[in-house]
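So the structure is just underneath, and the comments pick up after that.
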Amino acid sequence: MPEIKFNITDTEEKCLNTVMVGIGTWADNAVTERARIAQEEILSNLLKHCNDNGIAMATGVDAQITQAYAVGVAHTATTSYDGPAS
């Protein structure tokens with residue numbers, strides 16, 4: 003599992019401490035929730051792709067995310083994310 007770290011200034015820490023308890027916990031929750039949303043988008047796109055192309059969908063979420071990358075439904079972002087494709 004990757005460990006992701008980031009740095010903030012002392013001033014940013016002071017500011018954040020006025021609006022939240024536990025900056026690390028908040029950041030972890032924010033990233034986890036964004037990953038969950040991305041996962042749902044990927045799985046939805048994979049289901050449509052598999053149905054449209056008569057492809058069997060892999061079993062299990064981890065395998066489905068891997069399959070989505072393999073068939074080109076998901077890819078590593080190279081620019082800022084603008085939301086789901088229309």
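Using my numbering, the letters of the sequence shown correspond one by one to residues 3 to 88.
Positions of the beta carbon are idealized from the N, C-alpha and C atoms, including for glycine.
Nothing here was measured: the structure is a model prediction, and the numbers come from that model.
*Can you have a look at Ala65 and say buried or exposed, based on whether 16 or more other CB atoms are within 10 angstroms of its CB?*
Taking the sequence shown and counting its residues from 1, one reaches residue 65 at position 63. Exposed is the call here.
_Close-in-space but distant-in-sequence residues of the same chain around Asp10 (CB under 8 Å, 5 per side omitted)_ = The sequence position of residue 10 within the sequence shown is 8, counting from 1. In the sequence under discussion, the amino acid at residue 10 is Ile, which differs from the Asp named in the question. Scanning its chain for C-beta atoms nearer than 8 Å, with the 5 sequence neighbours on each side dropped, one finds around Ile10 the residues Leu18 and Ile25, in chain order.
*Look at Ala70 and Ile39 and say whether their C-beta atoms are less than 7 Å apart.*
For the purposes of this step, residue 70 is taken as residue 68 along the sequence shown, with counting starting at 1. For the purposes of this step, residue 39 is taken as residue 37 along the sequence shown, with counting starting at 1. For Ala70 and Ile39, no; Cβs fall outside 7 Å.
*Measure the alpha-carbon distance for Ile57 versus Thr13 and round it to whole angstroms.*
Indexing the sequence shown from 1 puts residue 57 at position 55. Indexing the sequence shown from 1 puts residue 13 at position 11. Approximately 53 Å, taken between the alpha carbons.
_Nearest by alpha-carbon distance to Ala32: which of Thr80, Thr81, Ile6 and Ser82 is it?_
By 1-based counting over the sequence shown, the position of residue 32 is 30. Shortest Cα-Cα distance from Ala32 to any of Thr80, Thr81, Ile6 and Ser82 involves Ile6.
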